[in-house]
Amino acid sequence: MEDAAEYVIPPDNADLVEITKPGISDYGTFDFIVVGSGPAGSVIANRLTEVADSKVLLLEAGGPDKKFNLLLSSYTYAAVGSSSWGYNTTTQKNACLAMINQQCAQHGGKILGGGSTINGGYYYRAHETDFDRWVKIYGNEGWSFEEVLPYFKKSEKVNYKPIETKYHGVNGSLTVSLDADTPELTQTLLDAYGEKGYTYADNNGPASTGYFRVPLTYISNERVSASTAFLKPVWNRFNLKISLNSFVTRVLFSDKSRTATGVEFIKNGIKHVAKARKEVILSAGPFNSAQILLLSGVGPQDHLESLDIPVIADLPVGQNFQDHAILYGLSLSTNVTWFNYTLEEQVERYRQHLKPLTTPAQIIAWSSLNQSEGPEVEVIALAGTVGDAKVAAVANKKFLRYADKYVDNLSGDSTKNIQYSLSIFHPKSRGSIKLKSSNPLDKPLIDPNILGEAEDRELLATAIEWVISLNETDAWKSIGAQVYLNEVPECKGQVLSREWILCTQAYWTGPGYHGTSANSMGKNPAISVVDPRLLVHGFGNLRVADSSIIPETPTGHTQATSYMIGERCADFIKEDHGRL
Numbered sequence: 051m052e053d054a055a056e057y058v059i060p061p062d063n064a065d066l067v068e069i070t071k072p073g074i075s076d077y078g079t080f081d082f083i084v085v086g087s088g089p090a091g092s093v094i095a096n097r098l099t100e101v102a103d104s105k106v107l108l109l110e111a112g113g114p115d116k117k118f119n120l121l122l123s124s125y126t127y128a129a130v131g132s133s134s135w136g137y138n139t140t141t142q143k144n145a146c147l148a149m150i151n152q153q154c155a156q157h158g159g160k161i162l163g164g165g166s167t168i169n170g171g172y173y174y175r176a177h178e179t180d181f182d183r184w185v186k187i188y189g190n191e192g193w194s195f196e197e198v199l200p201y202f203k204k205s206e207k208v209n210y211k212p213i214e215t216k217y218h219g220v221n222g223s224l225t226v227s228l229d230a231d232t233p234e235l236t237q238t239l240l241d242a243y244g245e246k247g248y249t250y251a252d253n254n255g256p257a258s259t260g261y262f263r264v265p266l267t268y269i270s271n272e273r274v275s276a277s278t279a280f281l282k283p284v285w286n287r288f289n290l291k292i293s294l295n296s297f298v299t300r301v302l303f304s305d306k307s308r309t310a311t312g313v314e315f316i317k318n319g320i321k322h323v324a325k326a327r328k329e330v331i332l333s334a335g336p337f338n339s340a341q342i343l344l345l346s347g348v349g350p351q352d353h354l355e356s357l358d359i360p361v362i363a364d365l366p367v368g369q370n371f372q373d374h375a376i377l378y379g380l381s382l383s384t385n386v387t388w389f390n391y392t393l394e395e396q397v398e399r400y401r402q403h404l405k406p407l408t409t410p411a412q413i414i415a416w417s418s419l420n421q422s423e424g425p426e427v428e429v430i431a432l433a434g435t436v437g438d439a440k441v442a443a444v445a446n447k448k449f450l451r452y453a454d455k456y457v458d459n460l461s462g463d464s465t466k467n468i469q470y471s472l473s474i475f476h477p478k479s480r481g482s483i484k485l486k487s488s489n490p491l492d493k494p495l496i497d498p499n500i501l502g503e504a505e506d507r508e509l510l511a512t513a514i515e516w517v518i519s520l521n522e523t524d525a526w527k528s529i530g531a532q533v534y535l536n537e538v539p540e541c542k543g544q545v546l547s548r549e550w551i552l553c554t555q556a557y558w559t560g561p562g563y564h565g566t567s568a569n570s571m572g573k574n575p576a577i578s579v580v581d582p583r584l585l586v587h588g589f590g591n592l593r594v595a596d597s598s599i600i601p602e603t604p605t606g607h608t609q610a611t612s613y614m615i616g617e618r619c620a621d622f623i624k625e626d627h628g629r630l
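Be aware that the sequence shown starts at 51, since it is given in our numbering, and climbs by one per residue.
Encoded structure:
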């Protein structure tokens with residue numbers, strides 16, 4: 051934990067792209083090359099090598115996952131250490147105002163298993179209304195909820211009794227468990243939501259509103275990641291080669307046609323070329339799949355030409371980037387001490403499957419404030435300091451990139467107070483991912499444009515007011531609970547007035563680390579990058595399969611949906627090559 055808190059995030063990708071030996075090494079020829087070992091990429095590599103005569107190369111820019119990563123609550127530390135890409139947003143105008151240079155962090159996994167190895171482990175799918183929109187609005191036939199549900203269930207191994215059993219799988223490789231209760235706190239939260247008319251629900255079922263305990267990808271206190279679930283069990287398959295510390299710089303194409311012939315990557319200071327007989331699949335995540343396409347000459351013509359990159363295809367790569375908007379400055383003060391343990395005591399509780407080292411998450415609630423078809427906002431209650439309090443404070447500051455002048459505004463007793471993260475699921479704001487230069491040394495320019503649209507700002511303010519209204523419940527009064535939003539000197543007027551909330555929320559709101567849509571899926575190549583079979587428009591053997599293909603930000607976190615995308619893509623490939 052101390053190492054992560056003290057790690058200095060490098061300003062560029064120099065450690066990955068430095069060439070120490072001249073020339074280009076031939077890495078060999080494979081049937082399929084998969085770039086990225088996150089949820090989708092790991093599933094694809096696993097499923098394709100089920101076919102004995104399919105030779106697969108899986109390339110991962112990061113190194114091996116470590117024992118520390120099995121600790122699910124380690125995400126705050128892992129995200130600011132060497133296993134993260136260390137990306138930031140560009141300067142934001144309507145959010146991230148309390149962050150250094152008004153730039154929020156954009157966390158992503160640079161490690162075996164990708165984001166699934168360093169995230170919070172939350173497992174819930176996009177809502178069925180999301181998939182209806184994918185089909186009706188974007189023309190993605192084959193992606194209705196009924197059609198994707200079997201692919202969700204294929205991966206899952208639910209080891210608890212869910213409310214809606216028909217929506218869950220029990221024979222997959224990915225174990226999903228419910229977090230442990232903190233009995234008095236859990237019941238108080240449940241009672242408060244119940245007083246507001248909400249009911250206990252299955253978040254992976256059809257419910258649009260309600261509250262629920264947190265489904266997590268873990269078992270026996272240990273994280274279950276894409277690596278542990280889909281790669282470690284098949285590590286020694288004779289037809290699978292996994293290459294770590296392999297930073298892909300571009301896709302290679304035939305001179306005569308739009309045919310992907312392989313990839314170029316750098317490993318251990320040597321530039322390599324790997325050839326693909328059949329397909330190249332980019333599963334490098336919400337930022338890097340777009341970056342690789344752009345560096346390869348696939349993207350907006352004007353942007354590529356401005357960087358002197360030869361244009362292979364003029365497609366809107368990076369132009370529809372989206373992320374959930376998430377508010378971190380909301381807290382609940384109470385008169386009850388929930389967690390006040392030394393690190394040694396936390397470890398002992400961990401051995402007993404007790405919080406906070408298992409997870410700080412308590413109860414999640416969804417609400418449709420505007421009476422829309424699906425959930426609009428999410429509220430997660432978080433309690434307890436993970437690890438040593440002083441080290442945790444340093445890591446949390448790095449995780450959110452708080453500027454020094456605002457750290458003192460983060461008031462409250464962490465042993466008694468509950469932190470709330472409040473998210474907008476379907477923001478109207480749209481951003482972009484662009485290249486800083488044609489050199490893969492440079493990190494991409496990530497602009498989520500958080501709260502860029504007035505409609506998003508108003509919805510978030512309404513959601514804050516909804517949480518504040520819980521002050522009226524008997525459940526919260528019983529523990530002396532009061533919601534407050536951390537104040538900043540720039541925002542004047544009556545505290546908790548609408549005007550004050552609209553001002554203050556801009557300081558504490560940032561991206562939800564659930565980036566989507568930079569390589570959006572759809573029928574129309576003018577507004578999408580891949581078709582409904584995940585092939586890049588105009589290419590017969592280049593696919594993208596990760597959260598970047600999701601047409602618009604979904605309900606819930608993107609991990610579960612990314613696993614499903616991997617399962618779906620693997621079947622598309624098998625079908626197209628007559629192997630299903």
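All C-beta atoms in this analysis are idealised placements derived from N, C-alpha and C, irrespective of residue type, glycine included.
Could you name the residues of the same chain whose beta carbon sits closer than 6 Å to that of residue 541, not counting the 5 residues immediately before and after it, in chain order?
-> If we look at residue 541 and ignore the five residues flanking it on each side, its Cβ neighbours are 550, 553, 554.
Under 7 Å between the Cβ atoms of residue 348 and residue 326?
-> Cβ atoms of residue 348 and residue 326: not closer than 7 Å.
For residue 225 and residue 151, the rounded distance between their alpha carbons = Straight-line measurement puts the Cα of residue 225 at about 40 Å from the Cα of residue 151.
What is the C-beta distance between residue 370 and residue 570, in whole angstroms, given that I count them as a contact (C-beta under 8 Å)?
-> Yes, residue 370 and residue 570 are in contact; Cβ-Cβ is about 5 Å, under 8 Å.
Is residue 299 helix, strand or coil when you go by DSSP?
-> Residue 299 sits in a strand when the DSSP states are folded into three classes.
Which first and last residues belong to the beta strand (DSSP E) in which residue 428 is found?
-> Residues 427 to 432.
Pick from 581, 556, 169 that is closest to residue 601, judged by C-alpha positions | Closest in alpha carbon position to residue 601, among 581, 556, 169, is 581.
Helix, strand or coil: how does DSSP classify residue 165 here?
-> Helix at residue 165.
Inter-residue spacing [alpha-carbon to alpha-carbon] between residue 359 and residue 292 = So the two alpha carbons sit approximately 30 Å from each other.
Can the beta-carbon of residue 419 be found less than 7 Å from the beta-carbon of residue 558?
-> No, the pair does not count as a contact, with Cβ atoms beyond the cut-off.
Hey, would you say residue 212 sits closer than 7 Å to residue 252, going by beta carbons?
-> In this structure, residue 212 lies near residue 252, with their beta-carbon atoms less than 7 Å apart.
Could you please give me the residues that DSSP links to residue 325 through a beta bridge?
-> Beta-bridge pairing links residue 325 to 79, 312.
Taking all protein chains shown into account, do 16 or more other C-beta atoms lie within 10 angstroms of the C-beta of residue 143, making it buried, or fewer, making it exposed?
-> With fewer than 16 other Cβ atoms within 10 Å, it is exposed.
For residue 405 versus residue 368, is the C-beta distance shorter than 7 Å?
-> No, they are not a contact pair.
Note down the Cα distance separating residue 174 from residue 215, rounded to an integer number of angstroms.
-> Straight-line Cα distance between these residues: approximately 14 Å.
Have a look at the DSSP bridge pairing and note the partners of residue 471.
-> According to DSSP, which records beta bridges pairwise, residue 471 is partnered with 430.
Is the beta carbon of residue 195 less than 7 Å from the beta carbon of residue 178?
-> Going by beta carbons, residue 195 and residue 178 fall inside the 7 Å limit.
Which whole-angstrom value is the C-beta distance of residue 227 and residue 163, which I expect to be below 8 Å?
-> Here residue 227 is actually not in contact with residue 163; their C-beta atoms are around 18 Å apart, not less than 8 Å.
How many angstroms separate the CA atom of residue 502 from the CA atom of residue 70?
-> Cα-Cα distance, rounded: 43 Å.
Determine the contact status of residue 414 and residue 262, defining contact as a CB-CB distance below 7 Å.
-> The answer is yes: Cβ separation under 7 Å.
Any idea what DSSP makes of residue 265, helix, strand or coil?
-> In the three-state reduction of the DSSP assignment, residue 265 falls in the strand class, which pools E and B.
Measure the Cβ-Cβ separation of residue 85 and residue 94 and say whether it is below 7 Å.
-> Contact: no.
Three-state secondary structure assigned by DSSP to residue 152 | Three-state result, residue 152: helix.
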